[in-house]
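In my numbering, the protein residues as written are 18 to 519. Note that beta-carbon positions come from the ideal geometry of N, C-alpha and C, so glycine has one too. Here the structure comes first, spelled out in structure tokens, and everything after it is commentary.
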Ligand code: ADP
Ligand code: ZN
Ligand code: MG
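Right, here's the structure in full:
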């Protein structure tokens with residue numbers, strides 16, 4: 018316990034946190050927001066994806082990227098928001114070297130989506146986050162700070178990101194705990210990936226989370242002075258930064274300090290927030306309607322077309338897995354929570370419609386999930402591309418029919434994932450046939466018992482030795498014994514008549 022902790026916990030009983038989250042996501046489009054430059058600039062040489070529009074040269078005119086607009090409409094539908102019939106573009110004016118025009122084209126009072134919500138599960142139960150808005154804007158260029166050969170500090174500008182489509186999603190100040198905030202960010206990432214509008218990778222800056230945090234005495238209405246926290250590069254740091262900020266403000270308020278509306282950064286190594294600058298108010302930006310673009314009209318048919326193209330959303334998927342397939346809420350959450358697992362689960366079920374959903378779920382969350390975590394490569398070059406759903410369905414079918422032991426099935430899976438060979442060929446090659454016949458296992462069990470008298474003594478003394486003996490049977494049969502049957506026979510043999518040699 019640090020010296021500050023007792024004071025802080027008393028303070029936390031007296032104050033309630035009010036938290037609002039702003040998330041910027043890069044949209045996955047072919048071209049940038051207002052020009053035809055390629056949006057696939059990740060890893061490209063600096064300033065190789067630019068044109069007069071995204072360099073902000075005088076006289077260059079913007080044109081609207083339809084796919085980016087559809088990305089925000091899709092997000093709006095997925096969070097249950099409404100899209101107005103007519104929206105508008107606005108100029109947000111400020112000076113910074115990464116903003117060549119001196120203004121950002123954004124949306125101010127008529128965003129593409131408003132009044133949505135997202136439900137999350139927390140350790141304290143379900144929680145619904147109110148979402149104020151989702152709007153479309155353009156990203157800034159990137160400043161790269163370094164030093165030259167003479168040791169002088171330099172700042173270079175890479176305009177590849179300039180004008181890339183960016184969606185900002187802003188919650189109501191309805192979040193109360195750091196955990197709720199983290200869960201919201203995680204669930205939003207899953208949603209954006211599921212509908213395919215953003216890679217939403219925090220470490221790569223595709224999803225940037227900012228948290229507004231203030232405290233108020235419990236039982237009172239008015240909001241306190243808020244602080245905006247930036248530079249959190251993982252979900253874990255979102256939770257840690259907010260928890261830290263709640264503590265810091267509570268201690269400050271208890272000491273009678275007056276808080277200022279600052280923008281603070283999160284230092285992940287030191288585990289603290291620090292002042293970056295005092296915060297601008299929105300009137301400082303002098304928003305006004307963008308004169309170079311007409312208002313954007315969104316016909317109801319357009320919204321319906323986007324809606325029709327949406328896949329099943331995570332919440333609906335979890336509910337279906339539980340209600341229609343009988344999975345546990347835990348398994349449903351794990352499978353629906355990771356797109357690669359969802360894809361594998363759905364594909365194996367499609368290839369093997371007769372398989373028990375629970376069997377497929379156990380495999381996907383177990384052996385398959387482990388292999389996925391262990392394989393460095395993602396996508397087609399990784400596990401997903403190297404395994405085939407029909408083969409995995411065939412494999413699970415053999416287990417279900419009692420032809421293949423789980424131990425051997427694990428080996429067939431590993432071999433299939435490594436070589437791409439069919440399950441049938443691997444089973445044939447290795448000569449795997451599950452021994453599910455009591456009489457066939459009898460001799461092996463006798464041999465194992467004869468070789469392990471100490472384990473028998475342990476078992477009879479009430480010590481856990483049965484697992485070891487089952488393991489020996491599996492080893493003696495090259496994993497082909499039906500482990501459940503082996504356990505049953507061993508138990509019968511040891512606990513039965515009691516007149517055996519041991
Ligand atoms: P900006 O930060 O750009 O000025 P807003 O004023 O709309 O934008 O607020 C941004 C976020 O801060 C929203 O998520 C909002 O819910 C939240 N927020 C507003 N007031 C407070 C407050 N007093 N405490 C905590 N969060 C707040
Ligand atoms: Zn361009
Ligand atoms: Mg803000």
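1) With H, G and I counted as helix, E and B as strand and the rest as coil, what does DSSP make of residue 502?
2) Between residue 67 and residue 176, how many whole angstroms is the CB-CB distance? I'm expecting something under 8 Å.
3) Between residue 97 and the rest of its own chain, which residues show a CB-CB distance below 6 Å, the 5 nearest in sequence each way excluded?
4) Could you name each continuous beta strand (DSSP E) segment of 3 residues or more that falls completely within the segment 212–252, going from the start of the chain to the end?
5) If you drop the 5 nearest sequence neighbours on each side, which residues of the same chain put their C-beta closer than 6 Å to that of residue 50?
6) Would a check of beta-carbon distances place residue 469 closer than 9 Å to chain C?
7) How many Å lie between residue 362 and residue 91 at the Cα?
8) Using the beta carbon as the reference atom, which residues fall closer than 5 Å to any heavy atom of the ligand ADP, ordered along the chain?
9) Would residue 482 and residue 472 qualify as a contact pair, given that the criterion is a beta-carbon distance under 9 Å?
10) With distance defined between alpha-carbon atoms, name the residue in 454, 226, 318, 334 nearest to residue 281.
11) Taking the beta strand (DSSP E) that residue 319 belongs to, which residues open and close that run?
12) For residue 117, which option in 101, 70, 469, 102 has the closest C-alpha, if you only look at C-alpha atoms?
13) Can you list, in chain order, every residue whose CB sits closer than 6 Å to a heavy atom of the ligand ZN?
14) Closest to residue 411 by C-alpha separation, out of 432, 393, 439, would be which residue?
15) Determine the burial state of residue 152: buried for a count of at least 16 other Cβ atoms within 10 Å of its Cβ, exposed for fewer.
16) On the DSSP letters alone, give me the boundaries of the alpha helix (DSSP H) that residue 362 sits inside.
17) Between the C-alpha atoms of residue 342 and residue 374, what's the straight-line distance to the nearest angstrom?
18) Evaluate residue 295 with the Cβ neighbour count: other Cβ atoms within 10 Å of its Cβ, from every protein chain shown; 16 or more gives buried, anything less gives exposed.
19) Flag this pair as touching only if the segment 30–37 and the segment 219–233 have three or more C-beta atom pairs under 8 Å; answer yes or no.
20) To the nearest angstrom, how far is it from the Cα of residue 519 to the Cα of residue 511?
21) Could you give the distance in angstroms between the alpha-carbon of residue 93 and the alpha-carbon of residue 325?
22) Below 8 Å, is the gap between the Cβ of residue 75 and the nearest heavy atom of the ligand ATP?
23) Can you tell which of 89, 46, 128, 261 has the C-alpha that lies nearest to the C-alpha of residue 101?
24) With three or more C-beta pairs closer than 8 Å as the rule, is the segment 495–503 touching the segment 415–430?
25) Taking the alpha-carbon of residue 194 as reference, which of 462, 166, 139, 148 has the nearest alpha-carbon?
26) So the candidates are 488, 80, 513, 383; which of them puts its Cα closest to the Cα of residue 312?
27) Tell me the rounded alpha-carbon separation between residue 77 and residue 364.
28) Between the alpha carbons of residue 242 and residue 32, how many angstroms are there, rounded?
29) So what's residue 32 in DSSP terms, helix, strand or just coil?
30) Using DSSP bridges, identify the partner residues of residue 185.
31) May I ask you to verify whether the segment 182–192 touches the segment 328–336, counting CB pairs closer than 8 Å and requiring at least 3?
32) Are residue 30 and residue 235 touching if we call contact CB-CB under 9 Å?
33) Is it right to say residue 162 is buried, meaning 16 or more other beta carbons lie within 10 angstroms of its own, or is it exposed?
34) Using CA atoms only, rank isn't needed, just tell me which of 112, 108, 119 is closest to residue 75.
35) If residue 178 and residue 58 are in contact, beta carbons under 8 Å, what's the gap, nearest whole angstrom?
In short, the structure shows the following:
1) Counting from one through the chain shown, the residue named residue 502 turns up at place 485. Helix.
2) Within the chain shown, numbered from 1, the residue matching residue 67 stands at position 50. Within the chain shown, numbered from 1, the residue matching residue 176 stands at position 159. That pair is a contact at about 5 Å.
3) Walking along the chain shown from the start, residue 97 turns up at place 80. Within the same chain, and ignoring the five residues on either side of residue 97 in sequence, the residues whose Cβ sits closer than 6 Å to its Cβ are 133, 134.
4) If you keep only unbroken beta strand (DSSP E) runs of at least 3 residues inside the segment 212–252, you get 224–234, 244–249.
5) Numbered from 1 along the chain shown, position 33 holds the residue referred to as residue 50. Contacts found: 82, 85, 155, 180, 182.
6) Among the protein chains of the structure shown there is no chain C, as only one such chain exists.
7) Here residue 362 refers to the residue found at position 345 when the chain shown is read from its first residue. Here residue 91 refers to the residue found at position 74 when the chain shown is read from its first residue. Taking the straight line joining both Cα atoms gives about 25 Å.
8) Those residues, listed in chain order, are 35, 37, 187, 188, 190, 229, 231, 240, 243.
9) By one-based count along the chain shown, residue 482 stands at place 465. By one-based count along the chain shown, residue 472 stands at place 455. Cβ distance < 9 Å, so residue 482 and residue 472 count as in contact.
10) Here residue 281 refers to the residue found at position 264 of the chain shown. Nearest neighbour of residue 281 by Cα position, chosen from 454, 226, 318, 334, turns out to be 226.
11) One-based indexing of the chain shown puts residue 319 at position 302. Careful: residue 319 lies outside any beta strand (DSSP E), inside the alpha helix (DSSP H) at 317–325.
12) Indexing the chain shown from 1 puts residue 117 at position 100. When 101, 70, 469, 102 are compared, the shortest CA-CA separation from residue 117 is found for 70.
13) Listed by chain position, these are 49, 52, 54, 67, 68, 70, 71, 180.
14) For the purposes of this step, residue 411 is taken as the residue at position 394 of the chain shown. Closest by alpha carbon: 439.
15) As a first step, residue 152 is located in the chain shown; it is residue number 135 there, counting from the start. So residue 152 ends up on the buried side.
16) Numbered from its first residue, the chain shown carries residue 362 at position 345. 356–368 is the span of the alpha helix (DSSP H), which, as asked, contains residue 362.
17) Walking along the chain shown from the start, residue 342 turns up at place 325. Walking along the chain shown from the start, residue 374 turns up at place 357. Distance between the alpha carbons of residue 342 and residue 374 is about 6 Å.
18) Stepping through the chain shown from its first residue, residue 295 is reached at position 278. Exposure of residue 295 is indicated by the presence of fewer than 16 other C-beta atoms within 10 angstroms of its C-beta.
19) At 8 Å Cβ cutoff, the stretches touch.
20) Position 502 of the chain shown holds residue 519. Position 494 of the chain shown holds residue 511. For residue 519, the pLDDT reaches just 45, beneath the cut-off of 50, and the residue's location in the model is therefore unreliable, leaving the point undetermined.
21) As a first step, residue 93 is located in the chain shown; it is residue number 76 there, counting from the start. As a first step, residue 325 is located in the chain shown; it is residue number 308 there, counting from the start. In a straight line, the C-alpha of residue 93 is about 14 Å away from that of residue 325.
22) As for the ligand ATP, it is missing from this structure, which binds only the ligand ADP, the ligand ZN and the ligand MG.
23) The residue labelled residue 101 in the question sits at position 84 within the chain shown. Among 89, 46, 128, 261, the Cα nearest to that of residue 101 belongs to 128.
24) Judged by pairs of C-beta atoms under 8 Å, the segment 415–430 touches the segment 495–503, as three or more such pairs exist.
25) Locating residue 194 in the chain shown gives position 177, where the first residue counts as 1. Minimum Cα distance to residue 194 is reached at 139.
26) Sequence index remark: in the chain shown, residue 312 carries index 295 (1-based). Each of 488, 80, 513, 383 was checked against the Cα of residue 312, and the nearest Cα belongs to 80.
27) The residue labelled residue 77 in the question sits at position 60 within the chain shown. The residue labelled residue 364 in the question sits at position 347 within the chain shown. Looking at the backbone, the Cα of residue 77 and that of residue 364 are separated by about 48 Å.
28) For the purposes of this step, residue 242 is identified with residue 225 of the chain shown, where counting begins at 1. For the purposes of this step, residue 32 is identified with residue 15 of the chain shown, where counting begins at 1. C-alpha of residue 242 to C-alpha of residue 32: approximately 13 Å in a straight line.
29) The residue labelled residue 32 in the question sits at position 15 within the chain shown. Correct three-state label for residue 32: strand.
30) As a position in the chain shown, residue 185 is number 168, starting the count at 1. In DSSP, residue 185 forms a bridge with 41, 152.
31) Judged by Cβ distances under 8 Å, the segment 182–192 makes no contact with the segment 328–336, as fewer than three pairs qualify.
32) Residue numbering aside, residue 30 sits at position 13 when the chain shown is read from its first letter. Residue numbering aside, residue 235 sits at position 218 when the chain shown is read from its first letter. Between residue 30 and residue 235, the C-beta spacing is below 9 Å.
33) In the chain shown, the residue the question calls residue 162 occupies position 145. Exposed, because fewer than 16 other Cβ atoms sit within 10 Å of the Cβ of residue 162.
34) Taking the chain shown and counting its residues from 1, one reaches residue 75 at position 58. The shortest CA-to-CA distance from residue 75 to any of 112, 108, 119 is the one to 119.
35) By 1-based counting over the chain shown, the position of residue 178 is 161. By 1-based counting over the chain shown, the position of residue 58 is 41. So it is a contact: roughly 7 Å between Cβ atoms.
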